[in-house]
Amino acid sequence: MTRPVRVLSLYEGFFAGGARILHSDVVAGLTRDGSQQHRVLSLTSAARRDASLQLARDDARFRRLRAAGVRIDTFDRIAGDSPLAPEDFTAAELTRAASLFAEADVVLSLKEQPLSLVVALQRANLLPDRPIAACLHRSDPTHSGPALGWLADTAASGAVMATIACAESTSTAYARAGVAAATSWVIDNGIDTRRFRPGTRAERARIRAGLGIPESAPVIVLAARFDAMKDPGLFLRAVARHARRTPDAHYVVCGAGMSSDNPAFRALREESGVGPGVPVHALGLRDDVPELYRAADIVALTSAYGEASPLCLVEGAASGAVPVTTDVGDAARVVAGLGVVTARDEEAIVAAWDDVLERRSVLRAAALGARGRLDRRRMIDEYRGAITGLLQPAALAA
1 MTRPVRVLSL YEGFFAGGAR ILHSDVVAGL TRDGSQQHRV LSLTSAARRD ASLQLARDDA
61 RFRRLRAAGV RIDTFDRIAG DSPLAPEDFT AAELTRAASL FAEADVVLSL KEQPLSLVVA
121 LQRANLLPDR PIAACLHRSD PTHSGPALGW LADTAASGAV MATIACAEST STAYARAGVA
181 AATSWVIDNG IDTRRFRPGT RAERARIRAG LGIPESAPVI VLAARFDAMK DPGLFLRAVA
241 RHARRTPDAH YVVCGAGMSS DNPAFRALRE ESGVGPGVPV HALGLRDDVP ELYRAADIVA
301 LTSAYGEASP LCLVEGAASG AVPVTTDVGD AARVVAGLGV VTARDEEAIV AAWDDVLERR
361 SVLRAAALGA RGRLDRRRMI DEYRGAITGL LQPAALAA
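Sequential numbering from 1 applies to the sequence shown in the UniProt record's numbering.
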């Protein structure tokens with residue numbers, strides 16, 4: 001094929017989330033080298049999150065893809081708590097989608113939720129014969145609701161011919177849940193180590209000063225959305241205990257809903273026993289997360305389920321913050337040698353935080369030493385290879 005490979009990615013929508021960050025990195029990276037021509041179809045043009053309406057065009061991932069030269073098409077719909085079902089699509093939307101599929105050489109679905117569109121196209125006899133791969137980013141497919149059935153059905157019919165998982169735990173979990181695609185790859189997450197880098201002493205001092213945090217204070221950051229999967233209540237209960245032992249520590253939380261503007265967050269903070277005097281900096285959605293990591297000593301993760309290969313852990317590590325995580329998905333493998341895995345218990349988490357703060361210099365050096373293997377260039381190269389692999393069966397059959 002002498003022209004660039006044309007790849008269409010399906011997004012449920014544009015809103016905060018590690019999977020969207022990662023996939024957008026891949027799409028932007030593969031676009032820039034000229035060997036592939038990427039386009040995105042988002043099933044929605046806005047998302048309702050945390051009692052607010054977030055427009056796709058305002059999302060950082062949307063803006064980044066546009067800046068990289070990626071064309072983005074959207075349906076005039078709002079993403080909510082449940083994904084669009086196959087019967088929700090209009091005839092005009094199906095016709096438009098069929099045209100975009102036909103113009104592509106390969107179709108990638110970001111997670112399983114957008115596969116409702118593939119099911120709808122199948123039912124309407126409008127699905128072009130193109131290799132489709134589902135890019136999977138969970139370790140608990142049973143929490144995907146009806147989307148798991150759409151994935152299983154389209155894999156069984158051959159419409160989805162491959163899965164690309166971001167973790168071994170993800171690939172295994174979906175196979176156990178009955179997803180039997182003809183081909184599967186596991187491609188570990190990678191990050192932009194130019195963006196996620198350690199800060200100088202002057203940078204750390206400036207960032208902390210901007211947040212009102214003393215230069216010598218221990219800082220623990222949780223970058224996660226306000227969601228049961230992330231278990232912010234466990235984090236806050238650990239904060240309540242840790243603050244009694246380490247009264248000079250500061251705690252930074254950021255992500256959708258992680259703000260005092262969210263009544264549910266305020267209620268959970270009070271319920272967790274975090275007193276009004278405990279310095280919890282609830283920042284909500286931020287575009288300066290790399291700076292927050294540079295100012296931190298620890299990047300925490302208290303998730304209960306759903307994680308595959310959590311980006312926050314490697315982003316924090318590459319920035320010099322030591323990961324402390326519960327044992328979810330591939331988290332233990334990700335932080336091996338550069339962080340700490342803890343039980344899902346407040347006292348155990350507090351003990352792990354104290355241990356890391358005592359061994360901070362050694363663990364920070366180990367985290368920074370792993371930057372090479374965390375870089376996204378390896379991930380992008382592996383995705384390029386997977387997309388080429390998707391085309392090979394089609395070429396042999398031609």
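For each residue, glycine too, the CB sits at the ideal point set by N, CA and C.
Same chain, Cβ closer than 7 angstroms to residue i, neighbours up to 5 away in sequence not counted
i, result
"ALA28", "ARG64, LEU65, ALA68 and VAL70"
"ALA366", "GLY337 and LEU338"
"SER9", "HIS23, VAL27, HIS38, VAL40, LEU108 and LEU110"
"ALA318", "ILE191, THR193, PHE196, ARG197, ARG371 and LEU374"
"ALA217", "ASP248, ALA249 and HIS250"
Three-state class that DSSP yields for residue i in the structure shown
i, result
"TYR251", "strand"
"ARG39", "strand"
"ARG359", "coil"
"ALA60", "helix"
"ARG208", "helix"
"PRO323", "strand"
"ASP81", "coil"
"ARG96", "helix"
"LEU8", "strand"
"THR2", "coil"
"ASP375", "strand"
"SER116", "helix"
"ALA395", "In this prediction, ALA395 has a pLDDT of 39, which is less than 50 and means its spatial position is unreliable; what the coordinates show is noted afterwards. Note: ALA395 maps to helix in three-state DSSP."
"MET161", "strand"
"ALA336", "coil"
"ARG269", "helix"
"ALA102", "helix"
"ALA264", "helix"
"ARG286", "coil"
"ARG48", "strand"
"VAL341", "strand"
"residue 399", "Within the shown structure, residues of the chain are numbered from 1 to 398, placing residue 399 beyond reach of any answer."
First through last residue of the alpha helix (DSSP H) which encompasses residue i
i, result
"TYR174", "168 to 176"
"VAL278", "Element bounds for VAL278: n/a, residue is neither H nor E."
"ILE21", "18 to 32"
"MET294", "In the sequence under discussion, the amino acid at residue 294 is Arg, which differs from the Met named in the question. Run containing ARG294: 289 to 294, per the alpha helix (DSSP H) assignment."
"VAL239", "232 to 245"
"VAL314", "311 to 318"
Residues near residue i in its chain [Cβ-Cβ closer than 8 angstroms; skip 5 each side]
i, result
"VAL289", "ALA223, CYS254 and GLU315"
"GLY275", "ALA240 and ALA243"
"ALA348", "THR342"
"ASP73", "ARG39, VAL40, LEU41, SER42, ARG96 and LEU100"
"PRO86", "SER116, LEU117, VAL119, ALA120, ARG123 and TRP150"
"ALA264", "PHE226 and GLY257"
"ALA397", "Annotation note: pLDDT 37 at ALA397 (below 50); position unreliable, coordinate value reported separately. Nothing listed; no residue qualifies."
"ARG360", "ASP297 and VAL322"
C-beta atoms of residue i and residue j nearer than 8 angstroms
i, j, result
"LEU283", "PRO232", "no"
"HIS242", "CYS135", "no"
"ALA321", "ALA296", "yes"
"ILE207", "ARG294", "yes"
"TYR383", "ILE187", "yes"
"SER139", "GLY329", "yes"
"SER272", "ARG237", "yes"
"TRP353", "ILE220", "yes"
"residue 408", "PHE15", "Residue 408 lies beyond the residue range present for the chain, which begins at 1 and ends at 398; the question has no answer from this structure."
"SER169", "ALA308", "yes"
"HIS137", "CYS166", "yes"
"PRO131", "LEU390", "yes"
"VAL356", "VAL340", "yes"
"ALA228", "ALA304", "yes"
"ALA182", "ALA209", "no"
"PRO310", "VAL334", "yes"
Own chain, CB closer than 6 angstroms to residue i, minus 5 neighbours either side, in chain order
i, result
"THR302", "ASP231, LEU234, PHE235 and THR326"
"LEU126", "LEU94 and ALA98"
"ASP25", "ARG376"
"PHE75", "LEU43 and GLU93"
"LEU84", "LEU43 and SER116"
"ARG378", "GLY190"
"ARG20", "ARG61"
Delimiting residues of the beta strand (DSSP E) encompassing residue i
i, result
"SER157", "Per DSSP, SER157 belongs to no beta strand (DSSP E); it is in the alpha helix (DSSP H), 146 to 157."
"LEU110", "106 to 110"
"SER52", "52 to 55"
"ASP73", "71 to 74"
"ILE132", "132 to 136"
"LEU301", "298 to 301"
"LEU222", "219 to 223"
(message) When you compare the segment 153 to 162 with the segment 30 to 45, are there three or more beta-carbon pairs, one atom per stretch, that lie closer than 8 angstroms?
(response) no
(request) Examine the Cβ distances between the segment 313 to 326 and the segment 162 to 178 and report whether three or more of them are shorter than 8 angstroms. (result) no
(request) Determine contact between the segment 2 to 9 and the segment 98 to 107, defined as no fewer than three beta-carbon pairs at a distance below 8 angstroms. (result) yes
(message) Three or more C-beta pairs under 8 angstroms: does that hold for the segment 51 to 63 against the segment 81 to 93?
(response) Below 8 angstroms, too few C-beta pairs join the segment 51 to 63 and the segment 81 to 93 to call them touching: fewer than three.
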